[in-house]
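See below for the structure under consideration.
In UniProt numbering, the protein residues as written are 1 to 138.
Okay, here's the thing in structure tokens:
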């Protein structure tokens, strides 16, 4: 054997060793890809019931939202009617009621003031009478 043939055998052995060392990670990578493929299949199979449930839930929510929209529209109509009624009430009876309330307040205040004034006069008279009685007794 010539030195060139020996070098070729060593190079061939090194190449076989390199291929074997590179094959191990490639085999592991292939197993990992197989496991990922299986996991994706399982996820796909299990996602159909989830999507069906989500679809029915969204349908139910949409139905409820339509009902809420109807209730809200009715509430807006009622609110508009109440606003119009209060405007009519204010325009027709508001001013006379305010005037009547003011008059009633003024009259009651005047009556109270008059009663207090009468009570004060009566109190002064009774004090004078008491003083006079005290003076005559002394």
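Glycine is no exception: its CB is placed at the ideal position from the N, C-alpha and C atoms.
Non-local beta-carbon contacts of residue 61 in its own chain, meaning distances under 8 angstroms to residues more than five positions away in sequence, are absent. If you ignore the 5 residues before and after residue 63, its C-beta comes within less than 8 angstroms of no other C-beta in its own chain. Rounded to whole angstroms, the separation of the alpha carbons of residue 34 and residue 47 is 20 angstroms. Residue state for residue 47 is assigned as helix, using DSSP reduced to three classes. Pairing residue 22 with residue 32, the inter-Cα distance amounts to about 16 angstroms.
A straight line joining the alpha-carbon of residue 73 with that of residue 51 spans about 33 angstroms.
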